[in-house]
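Chains as they are written, first to last, in my numbering: chain E, 569 to 677; chain D, 433 to 547.
Given below as structure tokens:
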């Protein structure tokens, strides 16, 4: 079993839709969680950290469910520019992050 | 976040040759990593670059093929040796600042093609 697992997608949604991705992690001792965005042929860029109480940044909401060991990313009012691959990552304090394989999102007009 | 400069941004190399990729950070960072991302694939960690000691390689990656240097806390190099078409990939440097639950940040990547 992979340490961090994501549905590869693609998720095809129309503009304005709400879409949610889940990501499961196997190491219950994981302490830090992040979502990254990667555009085609570009490097991954940090989208947002995921806090225990959940957090929101504009149209993006991230949540952590420790009991079930998953994190989620909700995107409201999808834009064409949201089309990208979304990577989740989990880490143990000062250790390296473990990345999922990414979920591809395609937002269409 | 730290500014990460990676060179070269792309290269085309002949089979059997080697390419060295440089990663320069504008501040001291505890952890530096090298990743590979083959076309259409996910990130694969090659190794953790340790300052002043040998790199820590992930399963499937060896020092002879991917020698890594890290002379100080702001600089590292990755060499991809004895290049073959299977080495065509994007190579990414990543850093993680010291202290607690910090995210990792990535350089722009080096796009390598083998003739």
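Even for Gly, the Cβ is constructed at its ideal location relative to N, Cα and C.
Just so you know, these numbers come straight off a predicted model, no measurement behind them.
Closer than 7 angstroms at the beta carbon, the chain E residues around residue i
i	result
residue 535 of chain D	602, 614 and 617
residue 624 of chain D	An answer regarding residue 624 of chain D cannot be provided, because it is not within the stretch 433 to 547 covered by chain D.
Residue i: contacting residues in chain E (beta-carbon distance under 9 angstroms)
i	result
residue 528 of chain D	659, 662, 663, 664 and 665
residue 507 of chain D	Result: empty, since nearest Cβ-Cβ is about 18 angstroms, beyond 9 angstroms.
residue 463 of chain D	662, 663 and 664
residue 532 of chain D	599, 600, 661 and 662
Residue i: contacting residues in chain D (beta-carbon distance under 7 angstroms)
i	result
residue 611 of chain E	524, 538, 539, 540 and 541
residue 669 of chain E	474
Enclosing beta strand (DSSP E) for residue i [first to last residue]
i	result
residue 624 of chain E	623-625
residue 634 of chain E	Unbroken run through residue 634 of chain E: none, as it is neither H nor E.
residue 676 of chain E	671-676
residue 380 of chain D	Residue 380 of chain D is absent from the model: chain D starts at 433 and stops at 547.
residue 574 of chain E	572-574
residue 659 of chain E	652-659
Contact test: residue i Cβ vs the ligand HEM heavy atom, cutoff 8 angstroms
i	result
residue 542 of chain D	The model on display carries no ligand, and the ligand HEM is accordingly not part of it.
Which residues of the segment 575-600 of chain E have a Cβ closer than 8 angstroms to any Cβ of chain D? Give them in chain order.
599 and 600
For the segment 482-489 of chain D and the segment 530-547 of chain D, state whether three or more C-beta atom pairs, one from each stretch, are separated by less than 8 angstroms.
no
Which whole runs of the beta strand (DSSP E) in the segment 438-514 of chain D are 3 residues long or more, in chain order?
442-445, 451-457, 463-469, 476-481, 500-504 and 507-512
At a cut of 8 angstroms, does the segment 449-456 of chain D reach the segment 592-608 of chain E through at least three beta carbon pairs?
no
Is the segment 509-528 of chain D in contact with the segment 454-466 of chain D, if contact means three or more CB pairs nearer than 8 angstroms?
yes
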